[in-house]
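Chemist: Have a look at the structure that comes next, please.
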Amino acid sequence: WVSARCASSHTAAEQAKNMPRRRLALALLLQAAAAFRPPPTRLKLALPRRHATAIAPPSDADKLARDRLIKTSVVLLVPSLAVGAISLVAFPALCRGMRSAFGVATLAVLSGDQGQFIQNFLSVIGILFSLLIGNTYAFCYNQQVMVYMALFEEVSVAKALLEQATLVCQGRPSYAGVLDDVQRYVDRDLKRADLSPAVLLSTRPRDDPLEAIMWQTSVGTPGAIYDTVRWLRRARGERLGAMQRKLPPLHFALLFLLGILEVCAFPLLSAGAATTVGAGALRVEAAMFALMTAALTLTLGVVVQLWRPRGSAYSVDAALAVMVEGLEDELSARRA
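Residues 1 to 336 (full-length UniProt numbering) make up the sequence shown, in order.
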């Protein structure tokens, strides 16, 4: 390699005799830079190896979400299918009973509906039912959105409180007590979705965990954690206020009553039409009546499940379990 470099330098010196001075200086500079350039090396890139990771078993939150989904599906579909099947079987018998009770002439007049009485009845009941169930669904859905937002804010503030408590109390004898107080707050308050929010807010425990945290982190005057605890109390109040039921059970009883009134006119019209069209049309009308009653039952069931604060796929049980599980994992990691 050195001999090759010397030969190239000798050749450059012979060519420099016929060059001007500036070009000669530039050529010598380039030759010197090429002589001291290190030999090229191959770069070896270290590619990360992919290790096979074991699939983690489903957590308690995943099992809870699956159980809530199965339970809600059963609660919604089984009554709807049962009501549809009963309507399919009972519709022809109901029409024949009305025909024998009211008479063919009376049913023929009602079926013709010259004064549009049946049509006006169905229109009024349908409008009332649509307005009430539409507003109820929107109200319950907005309440669920408020609950989710309040829960995310409260858990975020609880994590901020845990971080501040670690910065202030880590290495002190009171650090374990502060972590225990946060755990008691999670167990006694955040997890207790089964209790009424009004009762949970009005009853104060003897040893309030948030108050105990303020006492352990403040000396003489409130410390820096005081603002975070106050923020956490406000987020807790918003969560309890969002989870409180606003609609009484009488509201849903009125919804079911309007739904029953809406479907009551259809057997009457079908019984009158069967006197002129024939009994064969009752099979098609019975199938349509069964589908309509099943759809109404399913819609009312969805609204009722949205109204329930816990125990269904529409409630916040699964999301709350995931957030609480993450908070408890962080508490366990800080204790270790």
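Virtual Cβ for every residue (Gly too), placed ideally from N, Cα, C.
None of these values were measured; they are calculated from a predicted model.
#1: Count the other CB atoms, across all protein chains shown, that sit within 10 Å of the CB of E163; report buried if there are 16 or more and exposed otherwise.
#2: Given a cut-off of 8 Å on the beta-carbon distance, is the pair D181 and P209 in contact?
#3: Determine the closest residue to K327 out of L161, I260, L81, with distance taken between C-alpha atoms.
#4: Mind checking which residues open and close the alpha helix (DSSP H) that includes Y137?
#5: Given that a residue counts as buried once 16 or more other Cβ atoms are within 10 Å of its Cβ, and exposed if not, what is L250?
#6: Tell me which residues share the same chain as residue 382 and place their Cβ nearer than 7 Å to its Cβ, disregarding the 5 neighbours each side in the sequence.
#7: Mind checking which residues open and close the alpha helix (DSSP H) that includes L320?
#8: Would you kindly report the start and end of the unbroken alpha helix (DSSP H) that includes S202?
#9: Three Cβ pairs or more, each shorter than 8 Å: is that satisfied between the segment 290-304 and the segment 243-263?
#10: Take the Cβ of G97 as the centre, count every other Cβ of all protein chains shown within 10 Å, and call the residue buried at 16 or more, exposed below.
#11: For A313, which three-state DSSP category applies?
#12: Could you tell me the alpha carbon to alpha carbon distance between V157 and L69, rounded to whole angstroms?
#13: V89 by DSSP, collapsed to three states: which one?
#14: Could you tell me the boundaries of the alpha helix (DSSP H) in which A294 lies?
#15: Counting along the chain, where does the alpha helix (DSSP H) carrying L240 start and finish?
#16: Quick one: what's got a C-beta closer than 6 Å to T53's C-beta in the same chain, skipping five residues either side?
#17: Grouping DSSP H, G and I as helix and E and B as strand, with all else coil, what is R188?
#18: Are V303 and T136 close, meaning C-beta to C-beta below 8 Å?
Modeler: So, from the data block:
#1: exposed
#2: yes
#3: Residue 327 is actually Leu in this sequence, not Lys. Comparing Cα positions, the closest option is L161.
#4: 117-169
#5: exposed
#6: Past the edges of the chain, shown from 1 to 336, lies residue 382, and the structure says nothing about it.
#7: 317-335
#8: 197-202
#9: yes
#10: exposed
#11: coil
#12: 29 Å
#13: helix
#14: 281-307
#15: 225-243
#16: Model confidence at T53 stands at a pLDDT of 41, short of 50, so the residue's coordinates are unreliable; what they give is reported in the following sentence. Once the five neighbours on either side are set aside, T53 has no close Cβ partner at all.
#17: helix
#18: yes
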